[in-house]
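In order, the protein sequences belong to chains A and B. 31 is the number that the working numbering gives to position 31 of the first sequence; each next residue is one higher, with no gaps. 71 is the number that the working numbering gives to position 71 of the second sequence; each next residue is one higher, with no gaps. Backbone N, C-alpha and C define an ideal beta-carbon position, used for all residues, glycine too. Shown next, in structure tokens, is the structure this report addresses.
Number of protein chains: 2
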Amino acid sequence: MSISLEMLGDRWSLLIVRDLMVRGYRTFREFERSGEGIASNILADRLRKLEAAGILTVEAEETDGRKLNYRLTEKGIDLAPVVLELLIWGARHEETGAPCAVMVEMAKNREAVLAETRRRWQERDPTPLLPPFGKDSTEK
Amino acid sequence: MSISLEMLGDRWSLLIVRDLMVRGYRTFREFERSGEGIASNILADRLRKLEAAGILTVEAEETDGRKLNYRLTEKGIDLAPVVLELLIWGARHEETGAPCAVMVEMAKNREAVLAETRRRWQERDPTPLLPPFGKDSTEK
DNA sequence: AAATTTAGCTTGCATTATGCAAGTAGATTT
DNA sequence: AAATCTACTTGCATAATGCAAGCTAAATTT
């Protein structure tokens with residue numbers, strides 16, 4: 001676990017993974033504008049490190065040569081249970097961000113939620129699993 | 001989740017929680033000597049912050065006035081699923097630390113493992129759930 | 001086709017966190 | 001009473017982070 005935390009143990013990495021996983025983010029801009037307030041240099045650094053760690057990949061968008069698409073790898077999507085448990089824990093003990101009722105439901109159906117998350121990843125379905133919740137909306 | 005990561009998102013906090021949860025650590029010394037190489041000032045700082053966050057409590061050991069005992073709170077033990085999933089993910093994708101066969105078994109019996117973890121916590125049973133694995137033993 | 005905007009960064013600099021070695025106070029052991 | 005042990009703290013060097021600004025190439029607007 002200490003190796004995992006060398007990689008993921010910081011303020012931002014898991015948040016990026018979550019946004020890729022659960023919110024359908026793909027581009028640099030989406031992360032930058034997500035309202036969590038990550039600085040662009042740090043974001044660039046984390047994306048590079050996550051790529052180096054094999055958690056995500058980058059590819060150019062064919063329809064718009066400026067844009068890059070970040071996408072979780074198999075190794076990255078395998079973090080779904082970690083992310084889900086953290087979301088559940090946070091909802092129970094810390095945050096009011098994600099609507100509590102929704103999270104209670106998710107906690108009751110972990111397997112279904114994980115299956116759906118993986119399905120969307122496989123099919124490249126960018127529909128967010130969770131509605132946006134951030135500084136802009138309701139998260140405290 | 002961003003609030004959770006403000007608290008837990010660093011190299012050491014979750015490692016401390018894991019050691020309390022799964023290895024039966026209780027005292028400052030045990031953490032210091034665990035071989036992960038945390039500096040004593042950082043350890044003191046993290047223990048203070050985790051206490052402030054309501055994840056652990058401190059009490060003096062009655063038999064030895066020098067020693068303090070750190071112990072997870074309910075909120076702390078509720079991190080067990082997060083820790084377990086991180087352990088499983090790490091075993092699958094990163095580390096050779098915890099014997100892989102053991103982790104595969106745990107992955108198959110998540111509920112039982114969590115129940116046993118909670119039982120030990122409730123009964124203050126300090127028996128480690130996992131054998132030591134660290135720089136001193138096998139973890140890379 | 002020139003000008004503007006957009007996307008994904010980088011750079012410079014100030015602030016903060018981390019790591020290391022050493023030291024300290026109080027309790028305990030010898 | 002001297003030595004040892006536990007849980008720290010302190011000082012200082014180095015690394016990571018945050019902020020504002022700038023930069024380049026591709027796309028869009030005029």
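Contact check for G9 (chain B) against D19 (chain A) fails: the beta carbons are separated by 8 angstroms or more. Chain order gives the chain B residues near G90 (chain A) as M1, I3, S4, where near means a beta carbon separation below 7 angstroms. It is roughly 42 angstroms from the alpha-carbon of R23 (chain A) to the alpha-carbon of R29 (chain B). Only K75, D78, L79, P81, V82, E85, L86, L87, W89 from the stretch 65–89 of chain A bring a Cβ to less than 7 angstroms from some Cβ of chain B. At a cut-off of 8 angstroms, the C-beta of D45 (chain B) has no neighbouring C-beta in chain A. Neighbours of D10 (chain B) in chain A, taken as residues whose beta carbon is under 7 angstroms from its own, are G9, D10 in chain order.
The three-state reading of DSSP puts L43 (chain A) in helix, counting H, G and I together. About 6 angstroms separates the CB atoms of G76 (chain A) and V17 (chain A); that is less than 8 angstroms, so the two are in contact.
For R18 (chain B), the chain A residues whose Cβ falls inside 8 angstroms of its Cβ are M1, in order along the chain. Using beta-carbon distances, E105 (chain B) does not count as an interface residue toward chain A, since no partner is under 8 angstroms. Secondary structure remark: continuous beta strand (DSSP E) runs of at least 3 residues inside the stretch 56–138 of chain A, in chain order: 56–60, 68–72.
In this structure the stretch 35–48 of chain A does not lie against the stretch 71–88 of chain A, because fewer than three pairs of beta carbons, one per stretch, are closer than 8 angstroms. For E95 (chain A), the C-beta contacts it makes with chain B under 9 angstroms involve M1, S2, I3, S4, in order along the chain. Flagged as an interface residue toward chain A: E36 (chain B), by a C-beta distance shorter than 8 angstroms. Look at L14 (chain A): its C-beta is under 8 angstroms from a C-beta on chain B. Looking at A:K67, A:D64, A:K108, the one whose alpha-carbon comes closest to that of E85 (chain A) is A:K108. DSSP places A53 (chain B) outside both helix and strand once states are collapsed to three, so it counts as coil.
Burial is judged here by how many other beta carbons sit within 10 angstroms of a residue's own beta carbon; E61 (chain B) has fewer than 16 and is exposed. If you look at R33 (chain A), you'll find it isn't in any alpha helix (DSSP H); DSSP assigns it neither H nor E. Note that the C-beta distance between A80 (chain B) and T57 (chain B) is not below 8 angstroms.
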